[in-house]
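So the structure is just underneath, and the comments pick up after that.
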Amino acid sequence: MIAEDSETPSHGREPQPGPGNPPHTSRVPVMDAPPAATGRLTAATGLEARVERAATALKPRMRGWLHAGVFPLALAGGIVLIAVSRSGAAVAACAVYAVSACLLFGTSAVYHRGTWGLRGEAVLRRLDHANIFLIIAGTYTPLAVLLLPEGQQRVLLAVVWAGALAGIAFRILWIGAPRWLYTPCYIALGWVAVFNLPDFAHAGGSAVVVLVIAGGLLYTAGAVVYGLKRPDPSPAWFGFHEVFHALTIAAFAAHYTAILLAAT
Ligand SMILES: [Zn+2]
7 MIAEDSETPS
17 HGREPQPGPG
27 NPPHTSRVPV
37 MDAPPAATGR
47 LTAATGLEAR
57 VERAATALKP
67 RMRGWLHAGV
77 FPLALAGGIV
87 LIAVSRSGAA
97 VAACAVYAVS
107 ACLLFGTSAV
117 YHRGTWGLRG
127 EAVLRRLDHA
137 NIFLIIAGTY
147 TPLAVLLLPE
157 GQQRVLLAVV
167 WAGALAGIAF
177 RILWIGAPRW
187 LYTPCYIALG
197 WVAVFNLPDF
207 AHAGGSAVVV
217 LVIAGGLLYT
227 AGAVVYGLKR
237 PDPSPAWFGF
247 HEVFHALTIA
257 AFAAHYTAIL
267 LAAT
């Protein structure tokens, strides 16, 4: 998490373009840096190695394995959904859902299983958090296309995708935002279509709407565990983050089943 603060250049002395100082020379070559700056770089590299070792030692052993295991299932499930879809619009909507699910579980597995260094960690953490907005909009897409009349469909898709794009920009531009600020944003976007639930029930039947609500509640429970960092059953093996990941898988399974029922 220290990675988030390490993005500003270590020297803020870039010369301004002007007479005798053309714009193309605006970068200070590292070899010209004074000994103090070079020392700082060496210290930063040493610190980076220590932070990596500490992070690896602190990560519960199960970190990332749950999402790594779900990735092939999400991929296969996505292909099944596309295969059973009965219209071009349904195929497109299910493909969007499948891609968002594969990105979510695949990126999470790669991010959480590996040791990436400060820069890699900073990029993967942004993608991991942006993907949560993507899976919310990605899940609503087939639900809207399969279950809502055209006008309502367009309104819901516009709202969730605008919300997701705003959320993605927020997480990418301000990855260091406090947990209490960004976690409720996920919950808010997740429940944005609560007023459409009667329409989902009307078109899809009670099983579909029960599964949509159950999935929403499981994702919300996951967000609460993530926000509170508890319960934390076994910090060495299966911590609060693993509880959160397990809840996202249960939620995904509920929503996948709802979409499969709606599509067939
Ligand atoms: Zn995670």
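No gaps in the numbering here: position 123 of the sequence shown is 129 in the numbering used here, and each next residue is one more. Ideal Cβ placement from N, Cα and C applies to all residues, glycine included.
- In the structure shown, the three-state DSSP call for S93 is coil.
- The alpha-carbon of V90 is positioned some 9 Å away from that of A96.
- For D238, no alpha helix (DSSP H) segment is defined, and its DSSP state is neither H nor E.
- For S93, the shortest separation between its Cβ and any heavy atom of ligand 1 does not lie below 6 Å.
- Non-local C-beta neighbours of Y192 in its own chain, meaning closer than 6 Å and more than five positions away in sequence, comprise I138 and A229, ordered along the chain.
- Ligand 1 has no heavy atom closer than 6 Å to the beta-carbon of S240.
- With a cutoff of 6 Å, S114 counts as near ligand 1, since its C-beta is closer than that to a heavy atom of the ligand.
- For V129, the uninterrupted alpha helix (DSSP H) segment begins and ends at G123 to L153.
- Counting along the chain, R177 sits inside the alpha helix (DSSP H) bounded by residues E156 to L179.
- Short of 7 Å from the beta carbon of F244, and not among the five residues preceding or following it, lie these beta carbons of its own chain, in chain order: P66 and M68.
- Going by beta carbons, A170 and A143 fall inside the 7 Å limit.
- Around the C-beta of V102, 16 or more other C-beta atoms lie within 10 Å, and the residue is accordingly described as buried.
- A contact is defined here as three or more CB-CB pairs under 8 Å, and the segment 257-266 meets this definition with respect to the segment 211-222.
- In the three-state DSSP reduction, A199 falls in the coil class, being neither helix nor strand.
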